[in-house]
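Trainee: Provided herewith is a single structure, encoded as C-alpha cells, for subsequent inquiry.
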Amino acid sequence: MKDSTQSVHKETFPVTGMTCAACASSVETILQYTDGVKSAQVNFASSTVLVEYTDEINPEGLNDALTAIGYGLITEKENVEEKVSTNQKEHYKELKRDTIGAAILTVPIFIIGMFFMHWKPGAWISLILSIPVLFVFGKRFFVSAWKQAKNRSVNMDTLVALSTAIAFIFSFFNTVFPEFWISRGFESHVYYEAATVIITFILFGKMLEEKAKSKTSTALKNLMGLQPKTLKALIDGEEKEIPISEVQKGYEIIVRPGEKIPVDGKVISGNSFVDESMISGEPIAVEKSEKDAVFAGTINQKGSFHFKAEKVGSETLLAQIIKRVQEAQGSKAPVQKLVDKIASIFVPTVIAISIVTFAVWMIMGGEDALSHGILNAVAVLVIACPCALGLATPTAIMVGIGKGAENNILIKDAESLEIAHKVNAIILDKTGTITAGKPTVSNIQWETEEQKNTFAPILLAIESKSEHPLADAVSKKLSEENVKAESIKDFQSLTGKGVEAKNNSGEPFFVGNLSLIEAQGISLNSDMQNKAQAWSNEAKTIVFFADKESVLSIIAISDEIKPNSKSAISKLKEKGIDVYMLTGDNQQTASAVAKQVGLTDFKAEVMPSDKSDFVKELQSKGKIVAMVGDGINDSEALAQADVSIAMGHGSDIAMDVAKMTIISSDLEVIPKALNLSDLTVRGIKENLFWAFIYNLIGIPIAAGVLYPINGFLLDPMIAGAAMAFSSVSVVLNSLRLKGKRI
Numbered sequence: 001m002k003d004s005t006q007s008v009h010k011e012t013f014p015v016t017g018m019t020c021a022a023c024a025s026s027v028e029t030i031l032q033y034t035d036g037v038k039s040a041q042v043n044f045a046s047s048t049v050l051v052e053y054t055d056e057i058n059p060e061g062l063n064d065a066l067t068a069i070g071y072g073l074i075t076e077k078e079n080v081e082e083k084v085s086t087n088q089k090e091h092y093k094e095l096k097r098d099t100i101g102a103a104i105l106t107v108p109i110f111i112i113g114m115f116f117m118h119w120k121p122g123a124w125i126s127l128i129l130s131i132p133v134l135f136v137f138g139k140r141f142f143v144s145a146w147k148q149a150k151n152r153s154v155n156m157d158t159l160v161a162l163s164t165a166i167a168f169i170f171s172f173f174n175t176v177f178p179e180f181w182i183s184r185g186f187e188s189h190v191y192y193e194a195a196t197v198i199i200t201f202i203l204f205g206k207m208l209e210e211k212a213k214s215k216t217s218t219a220l221k222n223l224m225g226l227q228p229k230t231l232k233a234l235i236d237g238e239e240k241e242i243p244i245s246e247v248q249k250g251y252e253i254i255v256r257p258g259e260k261i262p263v264d265g266k267v268i269s270g271n272s273f274v275d276e277s278m279i280s281g282e283p284i285a286v287e288k289s290e291k292d293a294v295f296a297g298t299i300n301q302k303g304s305f306h307f308k309a310e311k312v313g314s315e316t317l318l319a320q321i322i323k324r325v326q327e328a329q330g331s332k333a334p335v336q337k338l339v340d341k342i343a344s345i346f347v348p349t350v351i352a353i354s355i356v357t358f359a360v361w362m363i364m365g366g367e368d369a370l371s372h373g374i375l376n377a378v379a380v381l382v383i384a385c386p387c388a389l390g391l392a393t394p395t396a397i398m399v400g401i402g403k404g405a406e407n408n409i410l411i412k413d414a415e416s417l418e419i420a421h422k423v424n425a426i427i428l429d430k431t432g433t434i435t436a437g438k439p440t441v442s443n444i445q446w447e448t449e450e451q452k453n454t455f456a457p458i459l460l461a462i463e464s465k466s467e468h469p470l471a472d473a474v475s476k477k478l479s480e481e482n483v484k485a486e487s488i489k490d491f492q493s494l495t496g497k498g499v500e501a502k503n504n505s506g507e508p509f510f511v512g513n514l515s516l517i518e519a520q521g522i523s524l525n526s527d528m529q530n531k532a533q534a535w536s537n538e539a540k541t542i543v544f545f546a547d548k549e550s551v552l553s554i555i556a557i558s559d560e561i562k563p564n565s566k567s568a569i570s571k572l573k574e575k576g577i578d579v580y581m582l583t584g585d586n587q588q589t590a591s592a593v594a595k596q597v598g599l600t601d602f603k604a605e606v607m608p609s610d611k612s613d614f615v616k617e618l619q620s621k622g623k624i625v626a627m628v629g630d631g632i633n634d635s636e637a638l639a640q641a642d643v644s645i646a647m648g649h650g651s652d653i654a655m656d657v658a659k660m661t662i663i664s665s666d667l668e669v670i671p672k673a674l675n676l677s678d679l680t681v682r683g684i685k686e687n688l689f690w691a692f693i694y695n696l697i698g699i700p701i702a703a704g705v706l707y708p709i710n711g712f713l714l715d716p717m718i719a720g721a722a723m724a725f726s727s728v729s730v731v732l733n734s735l736r737l738k739g740k741r742i
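Residue numbering for the sequence shown follows UniProt numbering, starting at 1 and increasing by one per position.
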C-alpha cells in the first residue's frame with residue numbers, strides 16, 4: 001500500500017532519444033506505468049516531459065525506467081538549457097550528416113537501377129553502396145522499429161525498416177544467387193534504388209523536422225533573458241553589484257535609466273517612466289513614483305529610482321509567466337501524426353497479407369509454389385512501401401507552407417496548419433493587433449492660427465525636453481509640420497501632472513493633463529472644453545498646452561486602428577467564427593475601439609494570466625481557439641491556444657511562441673491563413689485517399705489475385721514502378737495548391 005503522506009513533486013525534464021510522435025507516446029506510457037509516478041505528459045515539439053511523482057521514486061529512477069527502452073532524461077539541475085541545446089545541435093548535426101551521406105550514395109544507385117538495370121556489375125556496385133545507406137546512415141529506422149516491437153507497437157519507422165530490409169535482402173539474394181530465378185524462367189531483379197531512395201527521403205524529412213523543433217525553446221530563453229544577470233543594491237549603506245540569485249526580499253535596489261528591473265517591488269524614492277508592455281501590452285510607458293509597484297523584466301526609461309524587493313526568484317510576475325508558458329506548451333498531448341496512426345493498422349495488415357500470400361502460394365501454387373510465393377510476398381511489401389502514405393501529409397504541408405510565405409504568412413508548425421481550418425473562436429489583442437501599437441497625434445486644435453505660429457515653437461521645445469512617452473508623439477507631429485524649436489529655460493517636471501518651462505522673456509508655459517490646468521487656475525474656453533470631452537469619449541488621451549492665463553491648444557493622442565481591422569473582423573464573423581478582443585487598456589478605451597471595429601465581445605484591464613485563462617475557458621466549452629497577439633504579455637495565451645498567430649512587427653518572444661506569423665501585420669491575412677489551412681487539409685485527405693485506393697487495388701494484384709483468372713502475376717520490378725508512380729501522383733496533387741487562390 002502506498003504511503004498517502006508522501007509529498008508530490010512536479011518537474012519538467014528534457015527527454016533524449018525521441019525521434020517520432022510514437023516515441024513520445026512510448027515515453028509517456030512507460031513513465032505512467034512506473035511505480036511512484038502519478039502522471040506524465042510528453043511535449044514532443046520541445047522534447048520534454050512534465051512528470052508528477054512521489055517520494056517513492058527519484059529523477060534517477062525515472063531515467064532508469066526510460067533507459068531500459070532506449071530513451072533517457074536529463075535530470076541535472078545545472079546548465080539544463082545548455083545541455084538540451086547541445087543535445088539538439090548534436091542530433092541535428094548527426095541527422096544532417098546521415099542525410100548528406102545517404103544522398104551521395106543513393107544518386108549512383110538510383111541511376112544504375114533506373115537506366116542500367118541489365119548491367120551485371122551494376123547490381124554489385126549498388127549492393128556495396130546500399131549497405132552504408134541502410135545500416136549506417138539509416139540505422140535509426142531499424143533501431144526505432146526494434147524499440148516499437150519491444151513495446152508491441154508499430155509506426156512508419158517499422159514500415160520503412162521492414163520494406164527496405166525486405167527489398168535489400170531480396171536484392172542481395174538475387175545479386176549473389178541470380179541463377180535461382182533464371183533457372184525457373186524469371187528475371188533476377190534487384191531493388192536497391194527503392195530501399196535507398198526511401199531512406200534518403202525520410203531522413204531529409206526528419207532533418208527538416210529537427211531543425212524546426214530546435215527553435216521551439218527560443219521563446220522561453222528570450223523570456224528568461226528579460227531578467228538581468230546582476231543588479232545594484234544598497235547593502236550596509238554601500239552600493240554593490242550582486243548576482244540576481246543572491247538578492248533577498250527587503251533589499252534596496254537601484255535602477256538607472258535604460259536598465260531592466262530585476263525583481264518585483266515598490267518604489268521608495270525617485271521617479272521615472274517604465275515600459276510595462278510585457279505585462280499590459282500597452283505602448284505608453286507608465287509613470288512610477290513613491291509606493292508604486294514595479295515588476296521584473298520591465299524596462300526603466302529616462303529617470304532613476306530606488307525600490308524595495310518584495311518578490312524574488314520564482315515568485316516574480318516574470319517567473320510566473322515563464323512557468324505558465326512552459327506548462328501551456330507541455331500540457332498539450334503529443335501529436336500522434338496521422339501517418340503514424342495509419343501505420344498502427346496499415347503495417348501489421350500489410351505484413352499479414354504478405355505472410356498469407358506466401359502461405360497460400362505454398363499450399364496452392366503447384367510446382368512453382370516457392371518462387372511464386374516469394375516473388376508475390378515481396379511484391380506485396382514493395383508495392384505497399386510507405387512512400388505514398390509517407391509523402392501524403394508532408395508534401396501537402398510543404399506546398400501549403402510555401403503558399404503561405406507568398407501571402408505574408410510564415411508557418412513554423414505543421415500542426416497549426418492542419419487544425420487552423422477548424423478554428424471557431426478567435427481572440428485578438430488590441431494594441432499592435434487591431435491598432436497600430438504606437439501613440440500618434442490624431443488632432444491638434446489651436447485657439448487661433450496666429451497663436452499656432454507664435455507658440456508652436458515653444459511647445460516643440462518643451463516636448464523635446466520632456467521624458468513623458470507622449471511627448472515624443474507631439475514632437476514628431478510638430479517636426480513633420482516644419483516647426484522649428486525655440487529656446488526655453490527653467491524646465492521642470494511636475495510629477496503626475498506635466499511639465500513647466502519659461503521662454504527667453506521669462507513667461508511660463510505649461511504642458512500636461514487637465515489636473516495641471518485646473519491646479520494653475522488657467523481658463524479653458526467652452527469650445528475647447530467640448531472638443532476635449534468629445535476626443536476623450538473616442539478613447540483619445542488629451543494633452544493641454546497653456547500660458548499662465550489660458551489654454552493655447554489641445555492635442556489628442558491615440559493608438560490608431562489599422563485600416564483593414566474592421567473588414568478583417570467582418571470576414572471572420574462571416575465564417576461563423578466568434579471574435580473576442582482582450583486588452584490591458586481601460587474599459588473606456590476598449591469600448592471605443594470595439595465599437596469602431598464592430599465587436600461586441602471584449603474584456604478590458606486583463607493581465608497576461610487572464611488572457612491565458614480566457615483561452616482555457618473557451619477550450620473547456622469545446623471551442624478550437626486561435627490567439628492573435630504581438631507582445632510578451634500575449635505569450636501565455638499564445639502558448640495555450642490551439643492555433644497561435646503573431647503579428648510581424650511584434651516582440652520576438654510573441655513570434656517565437658506563435659506557430660504562425662503575419663509578416664505584414666495586416667489582419668486581412670488571418671482569414672487567408674484559415675482558408676490556406678482548409679485547402680491544405682483537403683489536399684492531405686485527397687493524397688491519403690489516392691494512396692489508400694492505390695494500395696487497395698495494388699496489394700491484391702501483387703498477391704496474385706488475378707492469376708486464377710488470366711494468369712497475371714505482378715513482377716516486383718513493376719510493383720516498384722507502381723510504387724514510384726503513386727508517390728509522383730501524390731506530389732503532383734499537392735502541387736495543385738500552388739495555383740489556387742486563398
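No residue lacks a Cβ here, since even glycine has one placed at the ideal position from N, Cα and C.
1. Helix, strand or coil for threonine 12, going by three-state DSSP, please let me know.
2. Of the choices Asp527, Glu179, Leu50 and His306, whose alpha-carbon is the least far from that of residue 746?
3. For glycine 313, which residues of its own chain have a beta-carbon under 7 Å away from its beta-carbon, when the five flanking residues on both sides are left out?
4. Run through the region 661-711 for me and flag every whole alpha helix (DSSP H) of 4 or more residues, listed as ranges in chain order.
5. Pull up the distance between the alpha-carbon of isoleucine 374 and that of alanine 165, whole angstroms please.
6. Apart from the five residues just before and just after glycine 270, which ones in its own chain have a Cβ nearer than 7 Å to its Cβ?
7. Output the boundary residues of the beta strand (DSSP E) element that contains glycine 270.
8. Reducing DSSP to helix, strand and coil, say where methionine 647 ends up.
9. Buried or exposed for aspartate 98, please, with buried defined as at least 16 other CB atoms from any protein chain shown within 10 angstroms of its CB.
10. CB-CB under 7 Å to isoleucine 182, same chain, minus the five flanking residues each way: which ones, in chain order?
11. Pull up the distance between the alpha-carbon of isoleucine 202 and that of serine 144, whole angstroms please.
12. Helix, strand or coil, according to DSSP, for isoleucine 742 in the structure here?
13. Which stretch, first to last residue, makes up the beta strand (DSSP E) that contains alanine 309?
14. In or out: asparagine 525 buried (at least 16 other Cβ within 10 Å) or exposed?
15. How far does the beta strand (DSSP E) with phenylalanine 509 in it reach, from first residue to last?
16. Would you identify the three-state DSSP class for tryptophan 146, choosing helix, strand or coil?
17. For glycine 739, count the other beta carbons within 10 Å of its own beta carbon; 16 or more makes it buried, fewer makes it exposed. Which is it?
18. Roughly how many angstroms separate the alpha carbons of leucine 231 and glycine 631, rounded to a whole number?
19. Among residues of its own chain, excluding the 5 on either side of serine 523, which ones have a beta-carbon nearer than 8 Å to its beta-carbon?
20. By Cβ distance below 8 Å, which residues in the same chain neighbour lysine 623 in space, the five residues on each side in sequence not counted?
21. Can you name, in chain order, every residue of its own chain whose Cβ lies under 7 Å from the Cβ of valine 267, other than the five neighbours on each side?
22. Pick helix, strand or coil for alanine 369, following the three-state DSSP scheme.
23. For my contact list, valine 474 and isoleucine 554 are in at a C-beta cut-off of 8 Å; report their separation, rounded to the angstrom.
24. Helix, strand or coil for isoleucine 555? Go by DSSP, reduced to three states.
25. Measure from the alpha carbon of threonine 395 to the alpha carbon of each residue in Glu686, His91, Phe692 and Gln533, then state which is nearest.
26. As an exercise, report each continuous alpha helix (DSSP H) stretch of at least 4 residues that is fully enclosed by the region 60-142, in chain order.
27. Starting from glutamate 238, follow the beta strand (DSSP E) in both directions and report where the run begins and ends.
28. Mind checking who lysine 502 pairs with in its DSSP beta bridge?
29. Can you list, in chain order, the residues of its chain with a C-beta nearer than 6 Å to that of asparagine 300? Leave out the 5 residues immediately preceding and following it.
30. What separation, rounded to the nearest whole angstrom, lies between the Cα atoms of residue 768 and valine 399?
31. Along the alpha helix (DSSP H) that carries methionine 627, what are the first and last residues, could you check?
32. Under the rule that 16 or more other beta-carbon atoms within 10 Å means buried, what is residue 744, buried or exposed?
33. Under the rule that 16 or more other beta-carbon atoms within 10 Å means buried, what is serine 726, buried or exposed?
34. Taking serine 442 as part of the beta strand (DSSP E), name the residues at either end of that continuous run.
35. Relative to the C-alpha of leucine 676, which candidate in Val643, Ile709 and Arg741 has its C-alpha closest?
36. Sort out for me which residues DSSP pairs glutamine 41 with in a bridge.
Mentor: So, from the listed chains and residues:
1. Residue state for threonine 12 is assigned as strand, using DSSP reduced to three classes.
2. As displayed, the chain neither begins before 1 nor continues past 742, which places residue 746 out of reach and without an answer.
3. So the list reads Ala319, once near-sequence residues are dropped.
4. 669-703 and 707-710, all fully within the region 661-711.
5. Between isoleucine 374 and alanine 165, the C-alpha separation is close to 15 Å.
6. These residues qualify, in order along the chain: Gly303, Ser304, Phe305 and His306.
7. Start and end: 264-275.
8. Three-state DSSP puts methionine 647 in a strand.
9. In summary, aspartate 98 is buried, with 16 or more beta-carbon neighbours lying within 10 Å of its beta-carbon over all protein chains present.
10. So the list reads Ser188, once near-sequence residues are dropped.
11. So the two alpha carbons sit approximately 13 Å from each other.
12. Here isoleucine 742 sits in coil by DSSP.
13. Run containing alanine 309: 304-311, per the beta strand (DSSP E) assignment.
14. Under this definition asparagine 525 is an exposed residue.
15. Secondary structure note for phenylalanine 509: its beta strand (DSSP E) is the uninterrupted segment 508-512.
16. Tryptophan 146 falls in the helix class under three-state DSSP.
17. Sixteen is the threshold: since fewer than 16 other Cβ atoms of the shown chains lie within 10 Å of the Cβ of glycine 739, the residue is exposed.
18. Distance between the alpha carbons of leucine 231 and glycine 631 is about 25 Å.
19. Residues Glu549, Ser550 and Val551 of the same chain have their beta carbon placed closer than 8 Å to that of serine 523, with the five preceding and five following residues left out of the count.
20. Closer than 8 Å at Cβ, skipping near neighbours: Asn424, Ala425 and Asp578.
21. Excluding positions up to five away in sequence, the list reads Lys288, Ser289, Glu290, Lys291, Asp292, Val294, Phe305 and Phe307.
22. Alanine 369: helix per DSSP, three-state reduction.
23. The pair is not a contact, with the Cβ atoms about 12 Å apart (cut-off 8 Å).
24. The three-state reading of DSSP puts isoleucine 555 in strand, counting E and B together.
25. The shortest CA-to-CA distance from threonine 395 to any of Glu686, His91, Phe692 and Gln533 is the one to Glu686.
26. Fully contained in the region 60-142 are the following alpha helix (DSSP H) runs of length 4 or more, in chain order: 80-115 and 120-132.
27. Glutamate 238 -> beta strand (DSSP E) spans 238-243.
28. Lysine 502 is bridged by DSSP to Lys489 and Pro508.
29. Around asparagine 300: Val255, Glu259, Ser272 and Val274.
30. The question about residue 768 has no answer, for the chain in this structure spans 1 to 742.
31. Per DSSP, methionine 627 lies in no alpha helix (DSSP H) segment; the continuous beta strand (DSSP E) that holds it begins and ends at 625-629.
32. Here the chain has residues from 1 to 742 only, and residue 744 is not among them.
33. Per the 10 Å Cβ criterion, buried.
34. Taken as a continuous stretch (DSSP letters only), the beta strand (DSSP E) holding serine 442 covers 435-446.
35. Looking at the Cα atoms, Arg741 is the closest of the given residues.
36. Note: glutamine 41 sits in a beta bridge opposite Leu50.
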